[in-house]
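Chains as they are written, first to last, in my numbering: chain A, 87 to 409; chain F, 87 to 409; chain D, 87 to 409; chain Z, 87 to 409; chain L, 87 to 409.
Heads up: the structure comes next, in structure tokens.
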Amino acid sequence: MIVDCAVYEDGVRRQGHHDLEHLLERIDNEHDFVWIGLHEPTPEEFDSVAREFGLHELAVEDAIHAHQRPKMELYDDTVFLVLKTARYVDHEEVIELGEILIFIGEGFIVTVRHGQATELKDVRRDIEAQPELLKHGPAAVLHAIADRVVDEYQPALEGLDEDITEVENEVFSEAAPNRAERIYKLKREVLQFLRAAAPLGEPMERLATRDVPQIDPEVRNYFRDVNDHLHRVQDQLESYRDLLTSVLEANLSQLGVRQNEDMRKISAWVAIAAVPTMIAGIYGMNFDHMPELGWTLGYPAVLTVMLVACGSLYRSFKRAGWL
Amino acid sequence: MIVDCAVYEDGVRRQGHHDLEHLLERIDNEHDFVWIGLHEPTPEEFDSVAREFGLHELAVEDAIHAHQRPKMELYDDTVFLVLKTARYVDHEEVIELGEILIFIGEGFIVTVRHGQATELKDVRRDIEAQPELLKHGPAAVLHAIADRVVDEYQPALEGLDEDITEVENEVFSEAAPNRAERIYKLKREVLQFLRAAAPLGEPMERLATRDVPQIDPEVRNYFRDVNDHLHRVQDQLESYRDLLTSVLEANLSQLGVRQNEDMRKISAWVAIAAVPTMIAGIYGMNFDHMPELGWTLGYPAVLTVMLVACGSLYRSFKRAGWL
Amino acid sequence: MIVDCAVYEDGVRRQGHHDLEHLLERIDNEHDFVWIGLHEPTPEEFDSVAREFGLHELAVEDAIHAHQRPKMELYDDTVFLVLKTARYVDHEEVIELGEILIFIGEGFIVTVRHGQATELKDVRRDIEAQPELLKHGPAAVLHAIADRVVDEYQPALEGLDEDITEVENEVFSEAAPNRAERIYKLKREVLQFLRAAAPLGEPMERLATRDVPQIDPEVRNYFRDVNDHLHRVQDQLESYRDLLTSVLEANLSQLGVRQNEDMRKISAWVAIAAVPTMIAGIYGMNFDHMPELGWTLGYPAVLTVMLVACGSLYRSFKRAGWL
Amino acid sequence: MIVDCAVYEDGVRRQGHHDLEHLLERIDNEHDFVWIGLHEPTPEEFDSVAREFGLHELAVEDAIHAHQRPKMELYDDTVFLVLKTARYVDHEEVIELGEILIFIGEGFIVTVRHGQATELKDVRRDIEAQPELLKHGPAAVLHAIADRVVDEYQPALEGLDEDITEVENEVFSEAAPNRAERIYKLKREVLQFLRAAAPLGEPMERLATRDVPQIDPEVRNYFRDVNDHLHRVQDQLESYRDLLTSVLEANLSQLGVRQNEDMRKISAWVAIAAVPTMIAGIYGMNFDHMPELGWTLGYPAVLTVMLVACGSLYRSFKRAGWL
Amino acid sequence: MIVDCAVYEDGVRRQGHHDLEHLLERIDNEHDFVWIGLHEPTPEEFDSVAREFGLHELAVEDAIHAHQRPKMELYDDTVFLVLKTARYVDHEEVIELGEILIFIGEGFIVTVRHGQATELKDVRRDIEAQPELLKHGPAAVLHAIADRVVDEYQPALEGLDEDITEVENEVFSEAAPNRAERIYKLKREVLQFLRAAAPLGEPMERLATRDVPQIDPEVRNYFRDVNDHLHRVQDQLESYRDLLTSVLEANLSQLGVRQNEDMRKISAWVAIAAVPTMIAGIYGMNFDHMPELGWTLGYPAVLTVMLVACGSLYRSFKRAGWL
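This is the structure we're talking about:
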């Protein structure tokens with residue numbers, strides 16, 4: 087689906103609706119450009135775009151099928167960039183990935199969204215409000231999108247952070263329930279997120295430092311800034327991964343401790359029950375000469391002994407922390 | 087076994103059957119070439135091929151004995167490439183590897199299949215339908231094969247993915263059966279797959295970026311694309327490896343939990359049985375003066391006490407989740 | 087908040103209070119410079135500083151929002167450096183991070199503190215006492231701050247070290263209490279500290295070895311020295327990380343051992359109690375012909391047997407280390 | 087001990103016994119050379135060799151004391167290479183390492199064997215049968231030896247492989263015996279093997295690709311081939327290491343499971359024994375009014391009840407897999 | 087403390103005692119030099135040395151405070167090298183580190199020892215016995231010291247090796263005692279040793295291969311040799327680290343096994359005791375019609391049954407390996 091198709095002249099959007107064909111011919115000045123936004127285009131829809139801007143066959147295939155890793159390719163005079171967006175769906179504790187594919191060339195930028203990718207409407211609105219930025223051409227739009235995508239990693243990270251803190255608190259709480267499943271699933275999400283974000287570093291690095299002729303040199307510092315944010319995201323994700331590995335192990339320790347506590351509690355009760363049973367056994371013996379059996383107060387005395395023994399056992403178990 | 091032997095002129099297969107000898111002499115134009123396909127050739131069979139195309143002794147030895155790691159070697163004016171194919175045999179949960187060895191030189195390509203390697207019949211049919219591709223010479227065939235091999239990693243990955251998800255579900259299910267063996271074996275397969283796929287990256291990189299004179303420069307971007315797919319496969323496999331390591335640990339936690347549950351269940355029943363035994367012991371004592379023994383309803387009363395005690399213990403264990 | 091604003095001429099602080107505006111105009115000689123110190127400035131406060139010294143928009147944004155990773159950026163003729171300070175809050179066993187951001191350009195240095203960052207008052211006082219250093223210009227101040235920040239990692243490291251030693255002693259003590267939580271939390275702090283300190287290495291390296299024109303070449307060796315200290319901090323933190331991973335595992339072993347000891351203790355008592363119960367059971371049988379039952383000393387004899395059996399069991403358990 | 091000392095002229099061994107002294111003077115043509123083979127030489131034996139060929143003092147020391155890591159050094163115009171041989175002693179499950187040290191210079195090759203190193207007799211015989219190879223000079227011999235050494239890693243690998251498979255089968259067998267010791271020892275061997283084989287890669291790489299003037303350029307491809315085999319060995323060893331780490335963990339899971347099974351079996355029997363004890367306790371009470379006690383068939387009836395209760399418990403435990 | 091101060095002319099020590107001041111003026115020839123040895127000098131002591139040889143302020147500070155990581159710095163025309171010595175204190179199982187700091191410049195070498203560092207007396211004596219070496223100037227001394235330091239890593243390694251083997255034997259012995267603490271502490275020592283030795287590689291590499299003008303090119307090969315030994319030490323330490331990690335895990339398995347054995351032993355005894363208790367319970371019932379009770383041999387028969395039952399249980403537990 088073609089979502090939007092605009093022509094920017096001297097940083098300002100030209101009024102009116104524009105037809106795809108012959109768009110490029112209408113671009114006169116160096117920094118004027120066309121921005122076409124698509125959402126999960128059909129091969130047919132994309133075909134006309136590809137023909138109009140002379141996009142490379144391989145990139146076109148990637149753009150339609152998506153499921154790429156973040157990367158940047160240079161085809162002749164076109165730059166092809168793949169970005170992964172991330173959103174944290176809190177109630178499922180799942181990182182939901184989307185994909186934005188971008189083509190940049192002389193006088194045009196084509197953006198293709200797939201899946202749950204961030205909508206670019208807001209990016210367009212924000213950047214249209216800054217004509218002086220738009221004058222830098224498509225590279226400014228590329229930066230605006232990359233910046234937005236990486237900025238939106240932040241709330242996803244925070245979602246993860248909260249859930250990791252929660253799982254830590256659970257594992258180290260008194261109850262020490264088994265949280266292996268939750269920890270494992272959070273780790274899986276962290277690994278997936280890392281796989282989506284980390285490979286973007288290399289394209290950002292290249293855009294920031296090397297000579298990609300399609301990128302206005304003045305915009306380069308801005309990509310370095312994006313890369314910086316990306317680094318922070320990656321650092322954070324890697325430390326989440328390490329922490330979750332440790333929590334999984336700590337979880338095992340906590341379970342072991344709880345198991346031991348259960349065992350001691352059980353054993354304490356068994357020991358308490360064993361005492362009257364033993365005493366009763368003794369006075370159940372059939373010896374002819376057991377003087378206590380003849381005492382009038384023998385029975386209540388023995389019951390008292392039993393109670394006292396059990397009580398003092400209970401007290402000492404309590405004091406030792408077994409009960 | 088020589089499976090096929092074809093001459094391509096200007097992108098089109100020349101009709102008729104061709105004899106191995108003097109094949110090269112019949113190649114006139116720059117992009118015309120011979121494609122010889124072999125399957126587990128005997129040394130004798132391969133000898134004539136090697137002589138005809140002047141293949142290097144070391145590569146010939148590798149081609150006959152197979153069991154190479156993926157690699158690319160340049161011998162004078164011949165390129166020698168080793169690829170590993172992978173197939174997931176679902177009912178055995180095993181990655182089955184095959185091997186394809188390829189020689190490319192001026193005017194020829196020789197392909198040798200070993201083991202369960204993907205058949206190249208389909209690749210040949212597909213590429214013969216695209217004469218404009220075939221015009222790029224043997225490099226186009228090389229790309230078609232590499233592309234197919236890497237594409238076929240995908241279903242193998244998916245097979246693994248399904249089994250990993252299954253094992254995750256089992257480990258975190260109520261029953262929490264011990265899945266250490268299955269997890270371990272999946273990990274072994276992942277490691278084996280990784281060992282087969284990862285080293286291919288370096289040759290693809292070289293074919294994509296550096297000057298391998300035997301490769302038509304226009305085909306280079308296509309190898310970069312293959313490399314990209316390979317990267318995704320590798321990323322995926324590495325995260326499988328990490329996940330399986332974590333699942334193995336989580337499996338231990340789950341076992342610990344189940345073990346604890348069993349222990350608590352057993353202990354609860356033992357405690358329930360200990361109560362009537364203790365009471366019975368008390369009334370089995372032989373004191374002369376135990377008034378209860380003389381009561382008419384003493385016996386049914388004690389039985390009732392026993393039942394009530396057991397019942398309330400049972401209820402409280404049930405409530406605590408021990409039973 | 088603007089904390090201080092001073093002009094240094096020939097290594098000496100010029101008397102009097104200075105207004106922000108037109109400060110640079112008053113700098114005449116090459117090594118004279120202005121040092122402006124800010125603490126969590128509002129955007130408005132920082133705006134005038136940024137305008138006066140022509141600071142780059144991206145760096146300004148970073149300086150106000152903080153939460154950067156340590157890094158160095160070159161914007162035209164300004165150097166922008168981010169440092170993380172670390173302080174160990176012993177009673178909470180937490181590393182508290184702060185942030186210092188520094189701009190250096192021709193004739194000026196601007197320092198911005200955020201959070202719990204080390205106060206720079208002392209640095210200023212110390213360096214003002216060394217006019218010959220101040221003559222090297224802003225680079226000398228930059229070094230003084232970096233040196234102080236890295237020096238203050240040392241007490242934080244020592245705090246960690248103490249707590250790690252303490253946790254080791256606890257884990258390997260007789261009581262072998264479960265220390266999983268404390269170990270885990272120390273590890274989290276170590277990872278966080280590492281993330282704050284390690285990335286600083288690259289800027290220090292660049293300041294020490296490469297041509298950052300804003301840095302007086304004579305000051306370079308001093309940055310190498312800072313980098314060296316940083317390396318030591320990083321080595322130490324990495325080995326803490328490894329050790330804590332091992333302690334967590336050792337903790338599990340110790341728990342297992344203690345659990346086993348508890349189990350053996352319990353079992354020993356159960357075994358001791360089982361013996362008189364069994365003997366009493368035997369003499370509680372109702373056979374007509376049990377000669378012992380008729381003996382006058384039967385009962386005391388059996389009691390003695392019971393005591394002796396229990397006593398010798400107790401002794402042998404004691405000797406085996408079960409009790 | 088000097089094992090052999092031969093002069094090769096134009097690829098053919100010159101007849102007769104040769105004296106060490108003045109050997110080099112008798113070499114006339116470029117590709118003629120002397121090959122001296124030693125086995126654990128005494129310092130005196132080696133001294134004369136070192137003097138004759140002008141070997142560097144440091145290399146000489148290494149050659150006598152052995153226990154080097156694989157490496158290559160260039161001393162002026164002499165190449166010094168250290169190789170580690172590996173043999174798997176199956177009944178001890180131990181990798182036995184040997185060492186071969188090689189000096190190559192203009193017109194000579196000196197080989198020194200230490201410990202259980204592969205005998206070079208066969209290598210000498212094989213290469214003497216290929217005069218066209220020997221014409222390439224000492225480099226051909228160097229290749230023949232390196233090739234042999236790396237080829238002999240293969241059976242060692244296979245020995246390890248078999249034992250690892252065996253240990254896997256044991257760990258995952260019904261009996262699930264504790265195999266921690268065996269796994270650990272195999273891992274130790276794998277690490278030792280890896281330490282012996284891996285560092286050889288760098289010298290092979292250098293021999294294959296860079297300009298070591300003592301190596302005939304035509305022989306270079308052959309070293310690349312050796313390096314390739316070495317890579318495979320290393321890949322294999324690294325995956326053994328990873329697998330053994332996982333097996334060790336899986337072993338723990340299996341032990342946990344078996345422990346749980348034992349516990350359940352024990353508990354089942356205890357529960358079965360507790361039932362008749364409890365019933366017997368009840369009928370051992372001394373109430374005056376217990377009608378069952380007066381029944382003629384009371385005793386057999388109770389016995390029957392006990393048997394039935396035990397039997398049905400046994401059956402249900404059996405069905406639940408506890409027995 | 088100034089330990090020794092000698093002037094070497096043409097490889098020979100000049101007789102007599104020398105005063106620190108004006109020492110350098112007395113050096114005439116290119117390879118003549120002064121060697122000053124200090125041990126934990128006070129700042130005052132070191133000050134005069136620093137002034138005499140023009141040592142850089144930063145290096146001087148390092149030399150007095152020690153606690154550096156191994157490194158090499160070039161200050162103008164002075165080389166500053168930090169070495170860590172290691173000694174294994176066997177009865178405490180602790181690696182004791184010392185530090186040697188070396189300054190080399192035109193015509194002088196200054197060595198500073200801290201802590202338990204190897205004494206350099208022997209090095210001095212050995213090298214004074216080799217005038218031809220001393221002629222190479224201070225670089226020869228530098229090599230002699232580095233060589234000695236790295237050589238002395240060997241006995242420390244061997245001490246560790248012995249203790250690791252001992253701990254392995256303990257862990258896998260019949261008794262399988264918990265060795266977590268000892269393993270952990272050995273690992274800590276290995277990590278500390280590694281941290282002291284590994285960073286020395288880079289300076290040795292630089293001394294061996296690059297142009298450090300203060301180093302006589304003829305001495306370079308010797309540093310490569312030291313580096314080689316260092317590599318071996320590092321390889322060894324890294325494999326110790328890996329092995330200790332595995333032993334710690336194996337220790338857990340062994341503990342689990344022993345715990346299980348304890349549990350089975352206990353359970354077996356409990357089962358053996360349960361049988362006579364159960365039988366006694368049956369014959370303790372008060373049924374009027376229990377024919378066995380009236381038999382004259384009833385009591386001894388039951389006792390025999392009990393003994394036989396216990397005996398056969400004992401035998402079968404013995405056979406199953408539970409007792």
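Note that CB positions come from ideal geometry on N, CA and C, so glycine has one too.
Given the structure is predicted, the values throughout are model-derived calculations rather than measurements.
(request) Below 6 Å CB to CB, which residues in the same chain sit around residue 87 of chain D once its five sequence neighbours on both sides are set aside? (result) 125
(request) Just the chain L side, please: which residues come within less than 9 Å of residue 87 of chain Z by C-beta, in chain order? (result) Neighbours of residue 87 of chain Z on chain L: none; closest Cβ ~26 Å, over 9 Å.
(request) Please go through the region 123–176 of chain L and give each complete beta strand (DSSP E) segment of 3 or more residues, from N-terminal end onward. (result) Fully enclosed beta strand (DSSP E) runs of 3 or longer: 157–161 and 164–175.
(message) The beta strand (DSSP E) that contains residue 90 of chain L, what's its start and end?
(response) 88–95
(request) Return the Cβ separation of residue 334 of chain A and residue 270 of chain A in integer angstroms, given the expectation that the two are a contact with Cβ distance under 8 Å. (result) 7 Å
(request) Please look up how many angstroms separate the CB atoms of residue 179 of chain L and residue 173 of chain L, rounded, as I've assumed it's under 8 Å. (result) The pair is not a contact, with the Cβ atoms about 12 Å apart (cut-off 8 Å).
(message) Between residue 415 of chain F and residue 166 of chain F, how many whole angstroms is the CB-CB distance? I'm expecting something under 8 Å.
(response) Since the first and last residues shown for chain F are 87 and 409, residue 415 of chain F lies out of range.
(message) How far does the alpha helix (DSSP H) with residue 189 of chain A in it extend, from its first residue to its last?
(response) Counting along the chain, residue 189 of chain A falls outside any alpha helix (DSSP H), though it belongs to the beta strand (DSSP E) covering 180–191.
(message) For residue 197 of chain L, list the residues DSSP reports as bridge partners.
(response) Paired residue(s): L:123 and L:188.
(message) Rounded to the nearest angstrom, what separates residue 316 of chain D and residue 209 of chain D at their Cα positions?
(response) Distance between the alpha carbons of residue 316 of chain D and residue 209 of chain D: 19 Å.
(request) Measure how close the beta-carbons of residue 94 of chain A and residue 286 of chain A come, nearest whole angstrom, since I'm counting them as under 8 Å. (result) About 26 Å; that fails the 8 Å criterion.
(request) Assign residue 227 of chain A to one of three DSSP states: helix, strand, or coil. (result) helix
(message) Assess contact between the region 253–265 of chain D and the region 130–141 of chain D, defined as three or more Cβ pairs (one per stretch) separated by less than 8 Å. Is contact present?
(response) Counting Cβ pairs under 8 Å, fewer than three are found: no touch.
(message) Given this structure, state the Cα-to-Cα distance separating residue 346 of chain Z from residue 276 of chain F, to the nearest angstrom.
(response) Approximately 30 Å, taken between the alpha carbons.
(message) Using the Cβ count rule (16 or more neighbours within 10 Å means buried), how would you classify residue 75 of chain A?
(response) Outside the shown range of chain A, which is 87 to 409, sits residue 75 of chain A, and nothing can be said about it.
(request) For residue 370 of chain F, decide whether its Cβ has a neighbour in chain A, counting only Cβ atoms nearer than 8 Å. (result) yes
(request) Could you give the DSSP three-state label for residue 99 of chain Z: helix, strand or coil? (result) The three-state reading of DSSP puts residue 99 of chain Z in strand, counting E and B together.
(message) So, for residue 161 of chain A: in the same chain, excluding its five sequence neighbours on each side, which residues have a beta-carbon less than 7 Å away from its beta-carbon?
(response) Contacts found: 142 and 145.
(request) May I have the straight-line CA-CA distance separating residue 392 of chain Z from residue 361 of chain Z, to the nearest angstrom? (result) Put simply, the backbone Cα of residue 392 of chain Z is about 7 Å away from that of residue 361 of chain Z.
(request) With residue 257 of chain F as the anchor, note down where its alpha helix (DSSP H) starts and where it stops. (result) 239–257
(message) Under 8 Å, Cβ to Cβ, is there at least one residue of chain Z near residue 398 of chain L?
(response) Taking Cβ atoms only, chain Z never reaches closer than 8 Å to residue 398 of chain L, which makes this a no.
(request) Report the rounded CA-to-CA distance for residue 100 of chain F versus residue 290 of chain F, giving the unit in angstroms. (result) 30 Å
(request) Select from the region 254–283 of chain L all residues with a C-beta closer than 8 Å to any C-beta belonging to chain D, and list them in chain order. (result) 264, 266, 267, 269, 270, 273, 274, 277, 278 and 281
(message) Please classify residue 251 of chain Z as buried or exposed, where buried requires at least 16 other C-beta atoms within 10 Å of its C-beta.
(response) exposed
(message) So, with DSSP's three-state summary, where would you put residue 264 of chain L?
(response) coil
(request) Give a yes or no on contact between the region 324–332 of chain Z and the region 347–359 of chain F, applying the rule of three or more CB pairs nearer than 8 Å. (result) Cβ pair count under 8 Å is below three, so no.
(request) Would you grab the beta carbon distance between residue 306 of chain L and residue 294 of chain L for me? Rounded to a whole angstrom, and I think it's under 8 Å. (result) Distance from residue 306 of chain L to residue 294 of chain L at the Cβ level is roughly 5 Å; contact confirmed, criterion being Cβ atoms closer than 8 Å.
(request) Flag residue 394 of chain L as yes if its beta-carbon sits less than 8 Å from any beta-carbon of chain D, otherwise no. (result) no
(request) Please list, in chain order, all residues of the same chain as residue 175 of chain A whose beta carbon is under 7 Å from its beta carbon, the five residues on each side excluded. (result) 182
(request) Look at the alpha carbon of residue 264 of chain D and the alpha carbon of residue 342 of chain F, and state the distance between them as a whole number of angstroms. (result) Cα to Cα, the separation comes out at about 17 Å.
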